[in-house]
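Protein chains in written order, with numbering that gives the first Met the number 0: chain A, 0 to 299; chain B, 0 to 370; chain C, 0 to 246. Reviewing the structure listed below.
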Amino acid sequence: MDNLSLLFQAPPLALQLVIEGILLGGIFALAAYGMALVWGVMNIINIVQGEWVVLGGFVALVTHNALGTPVMLGIPVAAVALFAIGWACYHTIIFRIVDRDLFTSILATFGLSILFQQLMNTVFGSDVRTLDSGLGTWHWMNNMVTVSQTKVVGFVLAGIIAVVLTLFMRNSRMGQAIRATAQNARAARILGIDTDKVYAFTYGLNAAVCGAAGAIVVMAFTIHPYQGLIYTVRSFTIVVVAGLGNLPGVIASAFGLGVAEQYAGFTLGAEYQNAFVFLLLVVILIARNLKLQRERKVLR
Amino acid sequence: MTDASISTAGGAGKAKIAGGYSTLLVLSIAAPLLFPAYVTQFTFLWILVVIALCWNIMGGEMGYNSFGNIVFFGVGMYTASVVQVGMFADVAQYTAAKGGVSLDLTVTQYLVGMGLGILAGAVLSVIVAGVLGLGMLGLRGHYFAIGTLGLGIAAGELAAGWEYIGAGSGMVPPQFPASLDRGNILYFMSFVLAIATFFALRRLYRGRFGLALNAIRDDEDKAEAMGLHTTLYKTVAWCVSAFFTAMAGAITGYVVGFIDPIYVAFAGITYGVWMVLMTVLGGKGTIWGPVIGAAVFHITQELFWTYLLGWQRVALGLLIVLIVVFFPKGIVGYVRDKFPERFGYKVDAATADAATDPALGQTAGKSGGSQ
Amino acid sequence: MSALLEVNNVSKAFGGVVANQDISLRVNEGEIVGVIGPNGSGKTTLFNSIVGAHPIDGGSIQFRGEELSNLRVPHIARRGLLRTFQQTRIYKQMTCVENMLISVPHQREGLLTMLSAYPQATYDEAYEILEFVGLYAKRNLRAGELSFGQQKLLEFAMALMDKPKMLLLDEPTAGINPTLINGLLDRLQHANRQLGITLLVIEHNMRVMMNLAQRIYCLAHGQLLAEGDPETVRNDHRVVDAYLGGQ
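Below is the structure:
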C-alpha cells in the first residue's frame, strides 16, 4: 500500500496506469462482447471463453513460429481457426445444452474449459509465452510514461474489430438473423430463420472474436495455458455491469476494469492482482443484488 | 427426498437394509488391511464421498450450485496445520523455513494438536460460511455459481500471497510420528468422517430441514410467500456443508503431506469441480447419489491415471462434459425415474373413494404418472 | 365486522406505466370479496402490492391494524396473509404430502425446530386436507406430475395447511375443466364458512364471481371503477364498457 503515496508524488505514474488499463481494456471488451453475444442469443454462459482467447494466442504463436509469417497475420489466422473450433464445438456439444438450464451450460462449458486448458498444457507446454512484434516503445514525460507501440496497435485493431462486428450485426442478413433469434427464437424459427445455423454461427463468431483478441494478447502481453479463467471472469464481470445489449457500456466497463486492475496491481502488489479481479466480481454481484433487494427484487 | 421406501419397508426389508450397511462396514474396515498398498486411494475415496455429500446439500437439495465450497476445504486444511504448529512453535518462523524446521512433537502432542486443529478448522469454516453467506446467499442461480467460483479462486490467490501461512511455497504439516501407522490412521479418520457426515445428513434430511431445502430449490419465491425462513435455512445449510468439508480438507492436508495454496488447498479446478461432478454423476438431491458418484469417479480417475498418464486431466475435462450433457440426472436419478414406485412415488388410493371424487376420476389406477 | 384488510390510496408504477392509481378497498373479517376487471387493469399488481412482492409508491396497506407496506413477503405471510399465484406455484419435485408438510405455519424457527421431524398429527392434518381437495391418493406422487387442475388444488391445499387468516386467490378457476369448477367453488366456500378464512378473489369467470363474492370491486386501467354487491356491479354500465372496450 506504500505505493499509493508514489501515485501522488509522481502523477505521470497515474497516467501510466490509466493508459495501460485502457489498452488492456480494449481486449477485455472484445471478449466480453462475445460472451454477451452468446449469452443473449443462446442463453449460455460460456465459461470456456477465456480458453478461446488463450488458444487464439497459441494459434498465432504457432503460425508465426512454424511458418515465419508476419506477426500481425496471426490475428486473422487465429480468428478463422477459432471460428472453426467454435463451430465444431457447437455441432458436437453445445447444441445439446442450448435449451437446458443455465447451471448445465455453466458446468458443461466449465468442463470444456478444463478440457482445453489441459489440452493446451499438454500440447504447448506450461511456459509463459509471448510473440515479439518487432515494434518499439514510446517514452514520454522523461521516461515516466512508457507505452508499448504493440499495445497501441493491438488496441486500434481491437477497435477496428469492434466496429466491423457492429456493422455486421446491424447490416448483414446473418447479423439481423442473430438479433432476431436473440429476441425471440421461436418467432424467428416460424419466420424461416434456421436457428440452429444462427446458433452455430454465433458460437463460432464468439470464438473467432476471442481468438483475435488472443492473437493480440500474445504479442502485446503474454499467454499461458492456465490463464483462461481470469479472462472468463473479466468478461462475466463486464457483462454483469454493462448488461446484455449495451456495447458502449461494455466498452466503458472494460476500460474501467482494465484501469482498476492496474491500480490494484500497483497498490496491492502484482501477486494480488488476480485475486482483485475475482473478488471484484463478487463485490459487484453483491452490491448489485443489495441495490435490487431494496426494491424487493433479485438479480436474475 | 422421500424416504418413504425405507420407512415403509417391512421387517424383511429392514433386515436387508441393515445387512447392506453391515457388509459395507466390514468391507470398509477390511480393505486397507487386505490391500495396504492402496490405503491412500481408499482414504481419498472417503474424502471424496464427504465433499460430494456436502456439495449435495447446496447444489442437490437446495439448488444453490456452489463452485466455491473449496474455500472451506482449504480453510480446514490450513487451519488444522496452523493450529497444530501454533500450539508448539511460532507459525511464521515455521512457514518461513519452508519445511526445514522439524517440530519434534511427542505422539500425544501431535495427536492433540491434530485433533484440535481439525476441530478449529471446522469451526472457522462455519464462521466463514456464515459471513460469506450474508452477501452470497442473496444471489440466485448462475450468479451464485459464478460468484462462488470467483471466491474459490480468489481464496487460493490470497493464500498464495500470505506469508504467514507460507505464501506461494505452501506449508508443510508437522511430521507424522514415525511410531504410528500413518496410512491406516488417516484412512480410519476419513472413514469415520464419511460415516458421521452420511448419517448426520440423513438425519437432517429426514425432518423439516430436508423439505425446507427442497422447497427453496423448487421455488424459493413460493417458499418465501408461504412464510418459510429461507435465509436461516440457506445459512445453516451452507454452514453444515462447510463444517464437514473443512474436516475433509484438513485430513487431505495430512494425507498429501504438503499444503499448496492453489493446487491442494483451494484447488478450484480439481477438488472444487470434482465435488460438483461426483454429485451430478451419482444423482443430485439423493443421499446415496454423491456416495455412488464419488466411488465411480474415484475408480475412473485412478484408471485414467494408470492408463492415460499425461492425458488424464484432458480425459477428466471430457468426462465432465459427457456427464453433464448426456447423463445429467446421474445414476440414482436415472434409477429413480425408471422405478419410481420403489422410491415411494406411487398412487395409493388406500382410503380415498375413487367413485365419488372427481379429481381422482381419470388417472386413478395409473401408477408413476407421466412427465 | 371489523376491517381485516384496509388498502388506502395505493399507487404503483413500473417505469412510466402506472399499474395502480389511488386504489382503496377494504375486506371485512369473514367476507368473500371479489376483484374483477379486464386484462391489464392492475389486479395482480394490486395483489403483489398487498403481499409485499414489491414496494408501493404511495398509500397504505393495513392488515389487522398493522401497516404492511414496509414489510417483506415472508413477514407478511407469517402474519396470516397468504396468496395463490396465477401460474400456480408448487414444489414440483417434492411429493404432494411433502408439499403439504412444508406448508405448516412457520411462526418461529430455530435450530431445534429445523431439526425436528414432523409429528403424526401434522401428517394427519395434511392427509385430511389432501382428502378435502381430492388428492389423497396422489399424496406420494411428485407434484410436478399432477395435471394442471390438480396442481391448482394442491396449491389451494397448501394454503389451507398454512392456516391463513386471509387468502388472496389469483384466478383460482382459470384453466380448470368447467365440470370441476363447482367442486372448487364448494371448497372455497367451505374454507370461508367452516374454517373462517377471509377471501379476496380475482376472477374472470363471472358465474363463479357472482356465486362466490359478497362484494365486488372492479378495476380498469389501474383505477377503481366501481364497487358494490355483485348484481349492482355487474349491471354498472361503466363495468360493461370497460370489458367491452367502449369509452
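The beta-carbon is built from N, C-alpha and C at its ideal position, and this holds for glycine as well. As the structure is a computational prediction, the values presented were derived from the model and not from experiment.
Notebook entry, point to check: Within 8 Å (strictly less), CB to CB, does Phe208/B reach chain C?
Noted result: Here residue 208/B is taken as the residue at index 209 of the second sequence, counted from 1. With 8 Å as the cut-off, Phe208/B counts as an interface residue toward chain C.
Checklist line | Start-end ranges of the beta strand (DSSP E) lying completely within the stretch 43-113 of chain C, minimum 3 residues | finding: Note on the stretch 43-113 of chain C: whole beta strand (DSSP E) runs with a minimum of 3 residues are 57-62 and 80-82, in chain order.
Item checked: Which of helix, strand or coil DSSP assigns to Asn8/C -> As a working mapping, residue 8/C is identified with position 9 in the third sequence. The answer is strand: DSSP assigns Asn8/C an E or B state.
Next item on the list: For Ala95/B, return the contacting residues in chain A, with the cut-off set at a CB-CB distance below 8 Å.
Entry: As a working mapping, residue 95/B is identified with position 96 in the second sequence. The contacting residues do not exist; Ala95/B stays about 17 Å from chain A at best.
Notebook entry, point to check: Is there at least one Cβ from chain B nearer than 8 Å to Asn139/C's Cβ?
Noted result: Numbered from 1 along the third sequence, position 140 holds the residue referred to as residue 139/C. Yes, contact with chain B.
Next item on the list: Could you tell me the distance, in whole angstroms, from the CA atom of Ala181/A to the CA atom of Leu291/A?
Entry: Working through the first sequence from its first residue, we reach residue 181/A at position 182. Working through the first sequence from its first residue, we reach residue 291/A at position 292. The straight-line gap separating the alpha-carbon atoms of Ala181/A and Leu291/A is approximately 25 Å.
Note to self: Assuming the contact rule is C-beta atoms closer than 8 Å, Lys151/C and Ile175/C should be a hit. Round their C-beta distance to whole Å, please.
What the structure shows: One-based indexing of the third sequence puts residue 151/C at position 152. One-based indexing of the third sequence puts residue 175/C at position 176. Yes, they are in contact, since the Cβ atoms of Lys151/C and Ile175/C sit about 6 Å apart, within 8 Å.
Check: What does His141/B touch in chain A if you count any residue whose Cβ is under 8 Å from its own?
Finding: Taking the second sequence and counting its residues from 1, the one referred to as residue 141/B is at position 142. Ordered by position in chain A, the residues that pass the 8 Å Cβ test against His141/B are Ile44, Leu101, Phe102 and Ile105.
Next item on the list: Ignoring anything shorter than 4 residues or poking outside the stretch 215-257 of chain A, list the alpha helix (DSSP H) runs there in chain order.
Entry: Counting only runs of 4 or more, we get 227-241.
Notebook entry, point to check: Exposed or buried, what is Lys337/B when buried is set at 16 or more other beta-carbons lying within 10 Å of its beta-carbon?
Noted result: Start at 1 with the first residue of the second sequence, and residue 337/B comes out as number 338. With fewer than 16 other beta carbons inside 10 angstroms of its own, Lys337/B counts as exposed.
Notebook entry, point to check: Cβ atoms of Phe167/A and Gly174/A: under 8 Å apart, would you say?
Noted result: As a first step, residue 174/A is located in the first sequence; it is residue number 175 there, counting from the start. As a first step, residue 167/A is located in the first sequence; it is residue number 168 there, counting from the start. In terms of Cβ geometry, Gly174/A and Phe167/A form a close pair [threshold 8 Å].
Item checked: 7 Å CB neighbourhood of Ile322/B in its chain, flanking five on each side removed -> Locating residue 322/B in the second sequence gives position 323, counting from the first residue. Listed in chain order, the non-local C-beta contacts of Ile322/B below 7 Å within the same chain comprise Leu276, Val279 and Leu280, local neighbours out to five positions each way being set aside.
Notebook entry, point to check: According to DSSP, is Ile175/C helix, strand or coil?
Noted result: Counted from its first residue, the third sequence places residue 175/C at position 176. In the three-state reduction of the DSSP assignment, Ile175/C falls in the coil class.
Check: Taking the alpha carbon of Phe154/A as the point to measure from, which residue in Tyr271/A, Phe254/A and Met34/A has its own alpha carbon closest?
Finding: Taking the first residue of the first sequence as 1, we reach residue 154/A at position 155. Its Cα nearest to that of Phe154/A, the residue Phe254/A stands out among Tyr271/A, Phe254/A and Met34/A.
Margin query: Going by DSSP, what residue range makes up the alpha helix (DSSP H) through Tyr109/B?
Written below: Here the question's residue 109/B lines up with position 110 in the second sequence. Residues Val106 to Met135.
Check: Who are the neighbours of Lys91/C on chain B, taking C-beta pairs under 8 Å?
Finding: For the purposes of this step, residue 91/C is taken as residue 92 along the third sequence, with counting starting at 1. Under a criterion of Cβ atoms nearer than 8 Å, the residues of chain B adjacent to Lys91/C are, in order, Asp217 and Asp218.
Notebook entry, point to check: Is the CB of Pro229/C under 8 Å away from at least one CB in chain A?
Noted result: Taking the first residue of the third sequence as position 1, residue 229/C is located at position 230. No Cβ of chain A is located within less than 8 Å of the beta carbon of Pro229/C.
Next item on the list: Identify, in the order they occur along the chain, each residue of the same chain with its Cβ nearer than 8 Å to the Cβ of Phe252/C, setting aside the five sequence neighbours on each side.
Entry: No answer is possible for residue 252/C: the residues shown for chain C start at 0 and end at 246.
Item checked: Interface partners of Arg71/C on chain A, CB under 7 Å -> Reading the third sequence from its first residue, position 72 is the one you call residue 71/C. Taking the beta carbon of Arg71/C as reference, the chain A residues within 7 Å of it are Arg295, listed in sequence order.
Margin query: Would you say Ala236/B lies against chain A (beta-carbon separation less than 8 Å)?
Written below: What you label residue 236/B is simply residue 237 of the second sequence in a count that begins at 1. Answer no: the Cβ-Cβ gap between Ala236/B and chain A never drops below 8 Å.
Checklist line | Opening and closing residue of the alpha helix (DSSP H) in which His141/B lies | finding: Taking the first residue of the second sequence as position 1, residue 141/B is located at position 142. Where His141/B is concerned, the enclosing alpha helix (DSSP H) starts and stops at Gly140 to Ala158.
Next item on the list: Mind checking which residues open and close the alpha helix (DSSP H) that includes His297/B?
Entry: Numbered from its first residue, the second sequence carries residue 297/B at position 298. Gly288 to Tyr306 is the extent of the alpha helix (DSSP H) around His297/B.
Next item on the list: Please compile the residues from chain C whose C-beta is within a distance smaller than 8 Å of the C-beta of Arg205/B.
Entry: On the second sequence, residue 205/B is found 206 positions in, with the first residue counted as 1. Around Arg205/B, the beta-carbon contacts reaching into chain C at under 8 Å are Ala116.
Notebook entry, point to check: Which bits of chain B does Ile101/C rub up against, with CB to CB less than 9 Å?
Noted result: Walking along the third sequence from the start, residue 101/C turns up at place 102. What Ile101/C touches in chain B: Arg207, Leu210, Ala211, Asn213, Ala214, Ala222, Met225 and Leu227.
Next item on the list: Can you give me the start and stop residues for the beta strand (DSSP E) that Asn45/A sits inside?
Entry: Locating residue 45/A in the first sequence gives position 46, counting from the first residue. Looking at the DSSP string, Asn45/A is not in any beta strand (DSSP E), and its letter there is neither H nor E.
Check: Is Ser178/B helix, strand or coil by DSSP?
Finding: By one-based count along the second sequence, residue 178/B stands at place 179. Three-state result, Ser178/B: coil.
Next item on the list: Would you check if there are 3 or more beta carbon pairs closer than 8 Å linking the stretch 278-292 of chain A to the stretch 128-146 of chain B?
Entry: Yes: at least three Cβ pairs fall under 8 Å.
Next item on the list: Closer than 7 Å, Cβ to Cβ, to anything on chain C: give me those residues from the stretch 337-349 of chain B, in chain order.
Entry: Of all residues in the stretch 337-349 of chain B, those with a C-beta nearer than 7 Å to a C-beta of chain C are Gly343, Tyr344, Lys345, Val346, Asp347 and Ala348, reading in chain order.
Next item on the list: Please check if any C-beta of chain B sits within less than 8 Å of the C-beta of Phe265/A.
Entry: On the first sequence, residue 265/A is found 266 positions in, with the first residue counted as 1. For Phe265/A, the answer is no, since every Cβ of chain B falls outside 8 Å of its Cβ.
Check: With 16 as the cutoff for other CB atoms within 10 Å, does Phe82/A come out buried or exposed?
Finding: Along the first sequence, one-based indexing puts residue 82/A at 83. Classification for Phe82/A: buried.
Margin query: Going by beta-carbon coordinates alone, are Leu3/C and Val50/C separated by less than 8 Å?
Written below: On the third sequence, position 4 is the one that residue 3/C refers to. On the third sequence, position 51 is the one that residue 50/C refers to. Against a cut-off of 8 Å, the Cβ pair of Val50/C and Leu3/C comes out as no contact.
Checklist line | Minimum Cβ-Cβ distance from Leu136/B to chain C less than 8 Å | finding: Against the second sequence, residue 136/B aligns to sequence position 137. False, the Cβ-Cβ gap to chain C never drops below 8 Å.
Check: Nearest-angstrom Cα distance between Asn304/A and Ile113/A?
Finding: Residue 304/A cannot be examined here, being either before or after the span of chain A that is shown, 0 to 299.
Note to self: Taking 8 Å as the threshold (C-beta atoms), are Ala293/B and Leu23/B in contact?
What the structure shows: Position 24 of the second sequence, counted from the first residue, corresponds to residue 23/B. Position 294 of the second sequence, counted from the first residue, corresponds to residue 293/B. Against a cut-off of 8 Å, the Cβ pair of Ala293/B and Leu23/B comes out as no contact.
Check: Which word fits Asp218/B, buried or exposed, when buried means at least 16 other C-beta atoms lie within 10 angstroms of its C-beta?
Finding: As a first step, residue 218/B must be located in the second sequence, where it is residue number 219. Per the 10 Å Cβ criterion, buried.
Checklist line | Any C-beta of chain A under 8 Å from that of His53/C | finding: Counting from 1 along the third sequence, the entry for residue 53/C is found at position 54. Interface residue, yes.
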